[in-house]
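All remarks here apply to the structure that follows.
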Amino acid sequence: MRAARRRSILLRTPSRIGACTLPVIAHSNTAAALDAVDAQASSSNTITAATMGRTRPTIGNKQQRAKIWAREKTQKREEKDKRKEQRRKKRSRQHDLLRDGGELGEGLEPALQPRTLENTREEEPTRVLEGDAEILRDEADDEFAAHEYREGFSGEPHPDFVPPKVLVTTRPRPSKELFRFVADLISVVPNAFFYPRRHFSVQDICRKGSEQNFSHVIVLSERAKKCNGLILSKLPHGPTAFFKVSNVQVSDSVPGAGRRTEHQPEILLNNFTTRLGRRVGRMLSSLFYSKPAFQGRQCVTFHNQRDYIFVRHHRYIFEERPVDKRKRKVIARLQELGPRFTLRLRWLQDGTFDTKFGAYEWLHRRKQMDVSRRKFHL
Numbered sequence: 001m002r003a004a005r006r007r008s009i010l011l012r013t014p015s016r017i018g019a020c021t022l023p024v025i026a027h028s029n030t031a032a033a034l035d036a037v038d039a040q041a042s043s044s045n046t047i048t049a050a051t052m053g054r055t056r057p058t059i060g061n062k063q064q065r066a067k068i069w070a071r072e073k074t075q076k077r078e079e080k081d082k083r084k085e086q087r088r089k090k091r092s093r094q095h096d097l098l099r100d101g102g103e104l105g106e107g108l109e110p111a112l113q114p115r116t117l118e119n120t121r122e123e124e125p126t127r128v129l130e131g132d133a134e135i136l137r138d139e140a141d142d143e144f145a146a147h148e149y150r151e152g153f154s155g156e157p158h159p160d161f162v163p164p165k166v167l168v169t170t171r172p173r174p175s176k177e178l179f180r181f182v183a184d185l186i187s188v189v190p191n192a193f194f195y196p197r198r199h200f201s202v203q204d205i206c207r208k209g210s211e212q213n214f215s216h217v218i219v220l221s222e223r224a225k226k227c228n229g230l231i232l233s234k235l236p237h238g239p240t241a242f243f244k245v246s247n248v249q250v251s252d253s254v255p256g257a258g259r260r261t262e263h264q265p266e267i268l269l270n271n272f273t274t275r276l277g278r279r280v281g282r283m284l285s286s287l288f289y290s291k292p293a294f295q296g297r298q299c300v301t302f303h304n305q306r307d308y309i310f311v312r313h314h315r316y317i318f319e320e321r322p323v324d325k326r327k328r329k330v331i332a333r334l335q336e337l338g339p340r341f342t343l344r345l346r347w348l349q350d351g352t353f354d355t356k357f358g359a360y361e362w363l364h365r366r367k368q369m370d371v372s373r374r375k376f377h378l
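Position one of the sequence shown corresponds to residue 1 (the UniProt record's numbering), numbered consecutively onward.
Set out below in structure tokens:
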């Protein structure tokens with residue numbers, strides 16, 4: 001009885017479908033009448049953009065709903081592309097005005113910068129300002145000052161200049177994958193020599209390296225045939241740093257990698273802004289000869305971002321292209337040479353490697369130091 005009463009009420013009540021009114025119909029031809037109403041609603045193409053979202057769910061025909069949805073989606077995409085093109089023209093206009101006259105002009109505002117962890121980082125008390133006289137005096141007399149190239153009056157290297165000499169070794173019984181990374185590391189760092197670890201401890205290696213006039217010692221460790229640690233010690237009096245190594249990719253696996261030449265590379269240090277960061281950056285740069293051969297166009301980059309140091313090896317190439325609206329005659333591009341890997345500082349120790357009695361300059365304590373995502377130490 002309830003179902004029959006509900007059906008009779010439905011047949012007596014007019015319904016709105018789109019812009020159509022459902023007439024009162026008999027029970028015998030209900031399906032035919034509904035098909036006619038759907039056809040009338042689907043044949044109507046007078047739906048505007050303002051009422052598109054409101055009327056789309058009331059259309060009974062599935063194909064017509066899909067067409068209207070596709071038309072609405074296309075219209076939104078065109079409007080978005082139009083706004084994007086307007087922003088591009090505005091930024092180009094701002095760039096031209098700043099380059100020519102130094103002022104934006106009327107009706108133009110400086111481009112908004114997105115909020116990132118880098119530009120919202122917490123203030124670091126040990127942050128170093130550019131050209132700080134005290135910092136420059138300290139760096140002129142630290143452990144790495146002897147490896148900075150200086151010329152005497154005759155144009156020859158200064159008598160106090162000491163070219164770096166690096167000893168590279170691994171953990172006992174290294175895997176073949178670690179040997180591949182060692183080969184790439186020796187090809188990047190000039191004047192580097194590999195010696196097998198055998199049964200010697202790290203302290204013995206540092207002592208033997210000092211006797212053989214080595215300036216640095218690099219000890220690589222691995223786990224599951226992947227390099228996961230790097231000890232870098234400055235001889236003979238330190239300091240010593242331990243880095244966690246990740247994302248190692250040797251030169252053979254880098255897409256389109258070039259081949260390195262014997263030219264001394266340039267060194268680029270990015271975003272080492274604190275006292276600790278500058279000390280770590282100088283320690284890494286002291287591995288290389290500080291007078292690069294610019295004709296080789298090779299550069300090794302240590303890019304610090306959120307306390308992760310990304311190491312890359314590139315060659316920049318100049319090419320001539322035909323003059324066009326968007327292309328200059330001479331362009332520069334980068335060719336990666338490899339390897340690529342990532343470092344993260346775990347501790348910095350005063351003196352050579354000594355985990356029992358050594359004094360730590362800095363030690364990463366995760367529970368105390370990693371309480372904020374916007375706190376960086378390098």
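Backbone N, C-alpha and C define an ideal beta-carbon position, used for all residues, glycine too. A quick note: this is a predicted structure, and the numbers were derived from the prediction, not measured.
Exercise. Where does threonine 170 land, buried or exposed, given buried means 16+ other C-beta within 10 angstroms?
Worked result: Looking at its Cβ environment, which holds 16 or more other Cβ atoms inside 10 Å, threonine 170 is buried.
Exercise. Going by the beta-carbon positions, is the gap between valine 311 and phenylalanine 341 smaller than 9 angstroms?
Worked result: Judged by beta-carbon spacing, phenylalanine 341 lies within the 9 angstroms limit of valine 311, meaning their Cβ atoms are closer than that value.
For this session: May I have a chain-ordered list of the beta strand (DSSP E) segments no shorter than 3 residues that lie completely inside the stretch 162-228?
Result: Residue ranges of uninterrupted beta strand (DSSP E) with 3 or more members, entirely inside the stretch 162-228 and ordered along the chain, are 166-170, 192-194, 216-223.
Problem set entry | the stretch 343-355 / the stretch 183-193 touching (three or more Cβ pairs under 8 angstroms) | Touching, no.
For this session: Would you tell me roughly how many angstroms separate the C-alpha atoms of arginine 150 and lysine 234, rounded to the nearest one?
Result: Distance from the CA atom of arginine 150 to the CA atom of lysine 234, rounded to whole angstroms, is 20 angstroms.
For this session: Work out the CA separation of tyrosine 360 and isoleucine 317 for me, nearest whole Å.
Result: Looking at the backbone, the Cα of isoleucine 317 and that of tyrosine 360 are separated by about 43 angstroms.
Exercise. Considering only residues of the stretch 297-359, which uninterrupted alpha helix (DSSP H) runs meet the minimum length of 4 residues and lie entirely inside it, listed in chain order?
Worked result: Counting whole runs of 4 or more residues, the stretch 297-359 contains no alpha helix (DSSP H) stretch at all.
Exercise. In this structure, does DSSP put glutamine 264 in helix, strand or coil?
Worked result: The answer is coil: DSSP assigns glutamine 264 none of H, G, I, E or B.
Problem set entry | Close Cβ partners of serine 210 (< 6 angstroms) along its chain, the five nearest in sequence each way excluded | Closer than 6 angstroms at Cβ, skipping near neighbours: Leu235, Pro236.
Exercise. Leaving out five residues before and five after glycine 281 in sequence, what residues of the same chain have Cβ atoms less than 6 angstroms from its Cβ?
Worked result: Cβ neighbours of glycine 281 beyond the five flanking positions: Leu269, Phe272.
Exercise. Tell me which same chain residues have a C-beta within less than 8 angstroms of the C-beta of arginine 259, skipping the five on either side of it?
Worked result: Excluding positions up to five away in sequence, the list reads Leu337.
Problem set entry | Secondary structure of glutamine 113, DSSP reduced to three states | If DSSP states are grouped into helix, strand and coil, glutamine 113 belongs with coil.
For this session: Tell me whether serine 246 sits in a helix, a strand or coil according to DSSP, three-state version.
Result: Three-state result, serine 246: strand.
Exercise. Helix, strand or coil for glutamate 143 per DSSP?
Worked result: In the three-state reduction of the DSSP assignment, glutamate 143 falls in the coil class, being assigned neither a helical nor a strand state.
Exercise. Is there at least one Cβ from chain B nearer than 9 angstroms to phenylalanine 179's Cβ?
Worked result: Structure shown: chain B not included; a single protein chain is present.
For this session: Between the Cα of lysine 226 and those of His216, Glu177, Thr116, Lys62, spot the shortest distance and give me the residue it belongs to.
Result: For the options His216, Glu177, Thr116, Lys62, the alpha carbon positioned closest to that of lysine 226 is the one of Glu177.
Problem set entry | With 16 other Cβ atoms within 10 Å as the buried cut-off, status of asparagine 304 | By the Cβ neighbour-count rule, asparagine 304 is buried, with 16 or more other Cβ atoms within 10 Å of its own.
Problem set entry | Exposure label - histidine 314; buried when at least 16 CB within 10 Å | With 16 or more other Cβ atoms within 10 Å, it is buried.
Problem set entry | Backbone CA spacing between residue 381 and asparagine 247 [nearest angstrom] | Given a span of 1 to 378 for the chain in the structure shown, any question on residue 381 remains unanswerable.
Exercise. Could you check where the alpha helix (DSSP H) with valine 280 kicks off and where it finishes?
Worked result: 275-285 is the span of the alpha helix (DSSP H), which, as asked, contains valine 280.
For this session: Check whether the stretch 128-145 touches the stretch 250-258, taking contact to mean three or more Cβ pairs, one atom from each stretch, closer than 8 angstroms.
Result: Short answer: they don't touch.
For this session: Would you give the residue range spanned by the alpha helix (DSSP H) that arginine 366 belongs to?
Result: In this chain, the alpha helix (DSSP H) harbouring arginine 366 covers 366-369.
For this session: Select from Leu232, Val250, Arg223, His95 the residue whose C-alpha is nearest the C-alpha of residue 383.
Result: Nothing about residue 383 can be reported from this structure: the residues present for the chain run from 1 to 378 only.
Exercise. Looking at the structure shown, is threonine 126 part of a helix, part of a strand, or coil, going by DSSP?
Worked result: If DSSP states are grouped into helix, strand and coil, threonine 126 belongs with coil.
Problem set entry | alanine 241, DSSP secondary structure in three states | Look at alanine 241 here: in three-state DSSP terms it is strand.
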